[in-house]
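Worksheet: one structure, shown below.
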Amino acid sequence: MSAHHRLAWWAPVLGTLLLGQGTSPPTVSAPPSASAAPGVAFADASPAAGLDRFHHVSGGSAKDYIVEATGSGVALVDYDGDGWLDVYLVNGSTFAALRGAAKPPSAALFHNDRNGTFTDVTRAAGLENGRWGQGVCAGDFDDDGREDLFVTNFGRSRLFRNRGDGTFADVAEAAGVAVDGWSTGCAFGDYDGDGKLDLFVAGYVKLDLERLPPAPPHGSVPPGDAPSASPPPAEVRGMGAAYSAGVPYCEYRSQPVMCGPRGLKGEGDRLFHNDGGGRFTDVSARAGVADGAGLYGFGVAFFDYDDDGRLDLFVANDSTPNYLYRNRGDGTFQDLSYASGAALDEAGREQAHMGVAVGDYDNDGRDDLHVTNFADDYNVLYHNDGKGLFSDVSYPAGVARPSLPFLGWGDAFLDYDNDGWLDLIVGNGHVYPIADQFDWNTSYRQRPLLFRNLAGRFVEVAGSAGSGLSVARSSRGLAAGDLDNDGDVDVVLSNLDETPTLLRNDGGNQAGHWLTVRLVGDPARSCPRDAIGSVVFCTAGGIRRRGEVASGRSHISQSDLRVHFGLGAATRVERLEVRWANGAAVAYDIPAVDRLVTIDQARGIVSASSPSAGR
Amino acid sequence: MLWVLGTAAGGTALPAPAARAGATPSIAQCTRAFDRGDYELAIALSRQRLAGRPADTGAHIVMARAEAARGRFEAAYQGFRKVLARDPRNADALYYLTILGGVLAQAEYDRLLAMAPDSPRAHQLLGDLYQAQQRPGDAEREYKSGLRAQPTSLDLLVALADLARHQARFEEAVGYYERAVKISPRHYDALYGLGVAHSYQREYEPAIAAFRGALGVDPSSAAAHLALGHALLQSGQAAAAVSELEKAAALEPGMTQAHYLLGRAYTLLGRSAEAAAVFDRVKALSQGRTLEEQAERQAADPLGQQRAPAPMPSPEGRSPR
Numbered sequence: 001m002s003a004h005h006r007l008a009w010w011a012p013v014l015g016t017l018l019l020g021q022g023t024s025p026p027t028v029s030a031p032p033s034a035s036a037a038p039g040v041a042f043a044d045a046s047p048a049a050g051l052d053r054f055h056h057v058s059g060g061s062a063k064d065y066i067v068e069a070t071g072s073g074v075a076l077v078d079y080d081g082d083g084w085l086d087v088y089l090v091n092g093s094t095f096a097a098l099r100g101a102a103k104p105p106s107a108a109l110f111h112n113d114r115n116g117t118f119t120d121v122t123r124a125a126g127l128e129n130g131r132w133g134q135g136v137c138a139g140d141f142d143d144d145g146r147e148d149l150f151v152t153n154f155g156r157s158r159l160f161r162n163r164g165d166g167t168f169a170d171v172a173e174a175a176g177v178a179v180d181g182w183s184t185g186c187a188f189g190d191y192d193g194d195g196k197l198d199l200f201v202a203g204y205v206k207l208d209l210e211r212l213p214p215a216p217p218h219g220s221v222p223p224g225d226a227p228s229a230s231p232p233p234a235e236v237r238g239m240g241a242a243y244s245a246g247v248p249y250c251e252y253r254s255q256p257v258m259c260g261p262r263g264l265k266g267e268g269d270r271l272f273h274n275d276g277g278g279r280f281t282d283v284s285a286r287a288g289v290a291d292g293a294g295l296y297g298f299g300v301a302f303f304d305y306d307d308d309g310r311l312d313l314f315v316a317n318d319s320t321p322n323y324l325y326r327n328r329g330d331g332t333f334q335d336l337s338y339a340s341g342a343a344l345d346e347a348g349r350e351q352a353h354m355g356v357a358v359g360d361y362d363n364d365g366r367d368d369l370h371v372t373n374f375a376d377d378y379n380v381l382y383h384n385d386g387k388g389l390f391s392d393v394s395y396p397a398g399v400a401r402p403s404l405p406f407l408g409w410g411d412a413f414l415d416y417d418n419d420g421w422l423d424l425i426v427g428n429g430h431v432y433p434i435a436d437q438f439d440w441n442t443s444y445r446q447r448p449l450l451f452r453n454l455a456g457r458f459v460e461v462a463g464s465a466g467s468g469l470s471v472a473r474s475s476r477g478l479a480a481g482d483l484d485n486d487g488d489v490d491v492v493l494s495n496l497d498e499t500p501t502l503l504r505n506d507g508g509n510q511a512g513h514w515l516t517v518r519l520v521g522d523p524a525r526s527c528p529r530d531a532i533g534s535v536v537f538c539t540a541g542g543i544r545r546r547g548e549v550a551s552g553r554s555h556i557s558q559s560d561l562r563v564h565f566g567l568g569a570a571t572r573v574e575r576l577e578v579r580w581a582n583g584a585a586v587a588y589d590i591p592a593v594d595r596l597v598t599i600d601q602a603r604g605i606v607s608a609s610s611p612s613a614g615r
Numbered sequence: 001m002l003w004v005l006g007t008a009a010g011g012t013a014l015p016a017p018a019a020r021a022g023a024t025p026s027i028a029q030c031t032r033a034f035d036r037g038d039y040e041l042a043i044a045l046s047r048q049r050l051a052g053r054p055a056d057t058g059a060h061i062v063m064a065r066a067e068a069a070r071g072r073f074e075a076a077y078q079g080f081r082k083v084l085a086r087d088p089r090n091a092d093a094l095y096y097l098t099i100l101g102g103v104l105a106q107a108e109y110d111r112l113l114a115m116a117p118d119s120p121r122a123h124q125l126l127g128d129l130y131q132a133q134q135r136p137g138d139a140e141r142e143y144k145s146g147l148r149a150q151p152t153s154l155d156l157l158v159a160l161a162d163l164a165r166h167q168a169r170f171e172e173a174v175g176y177y178e179r180a181v182k183i184s185p186r187h188y189d190a191l192y193g194l195g196v197a198h199s200y201q202r203e204y205e206p207a208i209a210a211f212r213g214a215l216g217v218d219p220s221s222a223a224a225h226l227a228l229g230h231a232l233l234q235s236g237q238a239a240a241a242v243s244e245l246e247k248a249a250a251l252e253p254g255m256t257q258a259h260y261l262l263g264r265a266y267t268l269l270g271r272s273a274e275a276a277a278v279f280d281r282v283k284a285l286s287q288g289r290t291l292e293e294q295a296e297r298q299a300a301d302p303l304g305q306q307r308a309p310a311p312m313p314s315p316e317g318r319s320p321r
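So, in C-alpha cells, the structure goes:
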C-alpha cells in the first residue's frame, strides 16, 4: 500500500472553522452585504401576527434521542378558500405523552385575518394531531376544490380531509394511508397521469420506544474515561453520531450525544396510488420506490427534471445517498440516483441531507435542486445540466462556503426582491444542545441564511440589526408564501421547542414588479383540481422564468401552492405558458403585472387582482 | 497511566528476603514483590528466576515493569523488546510497551520544552497536541510561532497549510504549500495539499499539475490518482480522468468515490453500459454488505442498521513527518 494512502482526499472541509475567518458563525449576523437588495428586509413579525401563541415541544431539552431533535414542518395553505394563506404548524410531543402520562401538545392552525394577524382555530378545525408530529404536505386528493393535509408522525400518520366548512376529518385509515412507524417528508403528485393526486411518504428510522438506543450520560466525558464495551464507530465529520451495537453511548467530536441516524435501522418509503373514491393503494414495491435499503428519508419532491411531462421523484436522505427516481411512464420508476449525479456530492461523498428546494435558479428552463446538510459540510446545489444529469455546483455558485458552520433544514427558492432571479433561504439549527459548550464554531441556535441570486451566482445577504434574519433559533421546517398578498414572498420557520418565526418581507414588492399565478385544474381533463404538478413559464423583460405548483418539499413542509414570479423592471408579461399537470400546454395573455392572477384550466383567466385584494 | 507499570517514585525498598539457596523463585513471588511496590526485590527475584528459565516471558515482563517503575525506562524498553523478540504476539508486552511509549514521549517532550521552549519543534509539538484536542486556533498560533523561528520549516509550512485548508481558507493554504514546494519540490504532502486547495477553488490546471507532481513522488497513491481524476473530470477532460480513476479503483477496490467518479466520467463519454456497471458497484459498496449479511446483523442486534455505520471516507490525515 502506498505510504500516502488516503481515502478521503476530498473530505469535507474538516476541522473546526474559525470565527470570523471566511465564514460567519451561526449566531452572529453576517456583515452587511453590498449585494443586498436595497430597501428589502425581513421583519420578525411573529409576535405582532400572533403566531407566538404556538410553542413547539419536542421531548426534553437534552435531546437524548434522535426523535427529539428532528423537529416539525409548517404549511402555508389556504384551507378555507378565502384567498389568503393560513398557517399550519405541526407540533412534536414528549415520551410522557406517548405513554399517556401527559397531555400531548397540539398542532396549530392559524387563520389569516387579512390584517397581518392570525387567529388560532385549531380546535374548531380538528387539526390538533396529538401524535409526535413531523411533516406536512398539502393536496386536494379528492378534487373537491379544498386543500387537504397529510401529516406524518412518529407514530401513525394522518390524512386530514378538508370538509369545506372550516373543519377537517382524519380519514387516513379509511383511505389506506395510515402509515405506522416514523415517517417524515411527504408530497402529493399525480405520478401516473390519471388526474388524481397520489402520495409519497418518506420513512426515517425504525425506532422502538421499548428498545431505544443508549442515551448519552449528561456532562462531558474526558477522553479515555469512556466505558469501552466496544470501540466507538468511526466519526464522520459532517454527520451525526453513529450507533453501533454494544456501545454505552454515541459520540460526536468525542462527546456523548444521542445516537443516530447512522447505525440505526432505517424505515422504508411508501408510494400510495390514488384509486379514487377516497381510497389509496400502496404501490411502493411495484413502482420501485420502496427503499428496501432503509435509507433515512427526509425531504421529498415530485418534479419533472427531464421535462418529459411526467413527475419524477427526489428523496433527500440523511447520512446516505439521495434517491432520484425517473418516472418511466408505465407506473414504475427507474432508480437513477447515482447515474444522475444527485445522489452524492461532486466528489462522490454521501452527505447528511435534510430539506430539498426545487427551482430554476439560473433561468435555463430546467429545475435545479438545493439540499441542506449537517454542520461541517456544505449545502449542495445540484445544477440540472439536461440529458438527465446534475452537477454539484455548490462552491462556484456561492452557497457552499457560508453554509459550513450551519446545520441546515428547511430551504426554499424564492425571489424575495422580485428581480427575476430565484434567491434561496435556509433555516438552520444544530441537533446537539452541547454544541454551545465547545469551540466547534457552531451553535445550537442558528440564524437563517439568505442568499441573493445575482444572475446565477449566490451571495449571502445579512439582515440588519433587528431583522428577523439575525435571530438565532433551532429552526427545522420552513415554508415560503405571500402571506399578506402584497406581492412579495414571506417565510415561516418552525423552531424546535420554541415559538415560530414569521419573516415578513417588507419592500420586496417595491423592488421589482411581480406576478402571482393561482392555477385551478380541470379534473374532467385528468388534471388535479389544485393543479399540483403543473409548470408555469413566465417570460418578461426577455427572461423566461420557470415555476410550478408543488406539494411538500423543503424540510417536511408545504409552501404556497401559488406560483410567484419576480419580474424586475419589466412592466408587462410577454408570454405566460402553463404546462398543466395533464400535459396540455396553454399560453395565456396577462393583462398587467403586479397582479394575482387565477387561471382556470376550463375557463381561462378568471381573475386578476391587485395587491392585498384577495383573490 | 504510570500506575500500570508501577509507581516510579514509590517502591518501598524492603530488604530482600534471602531466597533459599538453589531454589528458583516462582512467578507469583516475583509478582507479589512488584505488587507491594518492592521493585528492587521484584527485579532480583525475576533475574534469579530467569537464570534458570531464560525463556520465561512472565519474569521478563515483571522485571521490565519494575525497571520502568524505578524510572529506568531504557532497561524496561529493552526488557519488553526481548519478550516480543521471543513472542511477537505477546499482548501483555505490547500493552506495556504502548504505555511505556507514552511515558517516554512525555519525558522527551518535557526535556524539549525545558531545553528549548521557543524552538520550532517545541511549537510544532504543541501545535500537534492542540490539533489533537480540536483546538485549531491554539494550534495555528503555535505553528506560526514555530515558523517565525524557522521560516523554512517544511513541517510547519505544511501543518499551517493543512490547517488553513481544513478551515476553507484555501488561498492562504496555497500560499503555505507553495512555499513548501519551493523549498522541497518533491514533497508529497505539500504537492498533494496544494492540489486539493486549488481544486476547492476550482483552479484545476494548477491542481492537476500539483497532483501529477505528487504522483511523481508516489505513483502508487490511490488518493492522488483519485484527486487527479476528479480535477481532470471537473475540467472537462473525462477521457484522461478515466485513466486516473481506473488506477485509483484498482489500487483501492473499496474506494467508493473512485468508482462513482469513474461512472460519471463514463457517462460523460457516452459509455453508458460501463457507467451502469460501475454505478451498480457503487451501490453495492455503499450498502456495504449483502442482504444475507444485513439479515444476520439485524437478527443479532434489533436496533442495528442495515448498512455499515461508517462507510464514508475517513478524515484526511497527514503522513508522519
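Sequence order for the protein chains is V and P. In terms of the working numbering, the first sequence opens at residue 1 and continues consecutively. In terms of the working numbering, the second sequence opens at residue 1 and continues consecutively. The beta-carbon is built from N, C-alpha and C at its ideal position, and this holds for glycine as well. All figures in this text were calculated on a predicted structure; none of them were measured in a lab.
Identification of chain V residues near THR256 of chain P by a Cβ-Cβ cut-off of 7 Å yields GLY348, ordered along the chain. Closer than 8 Å at the C-beta level to chain P, one finds these residues of the segment 401 to 428 of chain V: ARG401 and LEU404. As the crow flies, the alpha-carbon of LEU212 of chain V is around 44 Å from that of GLN124 of chain P. Per DSSP, the unbroken alpha helix (DSSP H) holding TYR143 of chain P starts and ends at 136 to 149. Taking every protein chain shown into account, the CB of MET239 of chain V has 16 or more other CB atoms within 10 angstroms, so this residue is buried. In summary, the residues of the segment 257 to 275 of chain P whose CB is separated from some CB of chain V by less than 7 Å are GLN257, TYR260, LEU261, GLY263, ARG264, THR267 and ALA275, in the order they occur in the chain.
In this model, ASN363 of chain V and ASP304 of chain V are separated by some 16 Å (Cα to Cα). Per DSSP, reduced to three states, the secondary structure at CYS186 of chain V is strand. When Cβ-Cβ separations below 9 Å define contact, GLY102 of chain P makes no contact with chain V. As computed with DSSP, GLY116 of chain V is found in no beta bridge at all. The beta carbon of LEU209 of chain V does not come within 9 Å of any beta carbon belonging to chain P, so the residue lies off that interface. Contact annotation: ASP312 of chain V and PHE298 of chain V have beta-carbon atoms that are not nearer than 9 Å.
With at least 16 other beta carbons inside 10 angstroms of its own, HIS273 of chain V counts as buried.
In chain order, GLU68 and THR94 place their CB closer than 6 Å to the CB of GLY59 of chain V, counting only its own chain and leaving out the 5 sequence neighbours on each side. Taking a Cβ-Cβ cut-off of 8 Å, the neighbours of ASP439 of chain V in chain P comprise GLN134, ARG135 and GLY137, given in sequence order. With a cutoff of 9 Å on beta-carbon distance, SER470 of chain V and ARG445 of chain V are scored as not near each other. Going by DSSP, ASP128 of chain P is part of the alpha helix (DSSP H) stretching over 120 to 132. A straight line joining the alpha-carbon of LEU519 of chain V with that of GLU147 of chain V spans about 13 Å. Assignment of GLY139 of chain V by DSSP, reduced to helix, strand and coil, places it in the strand class. Listed along the chain, the chain V residues whose CB falls inside 7 Å of the CB of LYS283 of chain P are TYR338. Look at the segment 312 to 326 of chain V: the residues with a C-beta under 8 Å from a C-beta of chain P are THR320 and PRO321. Bridge partners of ALA587 of chain V according to DSSP: V:GLU577. With its beta carbon at least 9 Å from every one in chain V, GLN237 of chain P lies outside the interface. Interface residue (Cβ-Cβ distance to chain P less than 9 Å): LEU389 of chain V is classified as such. Nearest to ALA584 of chain V by alpha-carbon distance, out of V:SER609, V:ARG575, V:ALA550 and V:GLY533, is V:GLY533. Contact annotation: VAL517 of chain V and ASN505 of chain V have beta-carbon atoms that are not nearer than 9 Å. Cβ proximity to chain V below 9 Å picks out VAL196, SER199, TYR200, GLN201 and ARG202 from the segment 196 to 209 of chain P. In this structure the segment 200 to 208 of chain V lies against the segment 279 to 298 of chain V, because at least three pairs of beta carbons, one per stretch, are closer than 8 Å. Closest in alpha carbon position to GLY552 of chain V, among V:GLY145, V:ALA479, V:GLY155 and V:SER106, is V:ALA479.
Residue environment analysis places ASN418 of chain V among the buried positions, since at least 16 neighbouring C-beta atoms fall within 10 angstroms of its C-beta.
The way I'd put it, the segment 336 to 346 of chain V doesn't touch the segment 243 to 253 of chain P; fewer than three beta-carbon pairs between them come closer than 8 Å. Using a CB distance cut-off of 9 Å, TYR395 of chain V counts as an interface residue toward chain P.
Secondary structure note for PRO523 of chain V: it is in no alpha helix (DSSP H), with a DSSP letter that is neither H nor E. Taking the Cβ atoms as the reference, PRO136 of chain P lies roughly 6 Å from LEU163 of chain P, within the contact range of under 8 Å.
Take VAL217 of chain P, set aside five residues on each side of it, and the residues of its chain with a beta-carbon closer than 6 Å to its own are ARG186 and TYR188, in chain order.
With a minimum length of 3 residues, the unbroken runs of beta strand (DSSP E) contained wholly in the segment 408 to 467 of chain V fall at 408 to 414, 423 to 428, 449 to 454 and 457 to 460.
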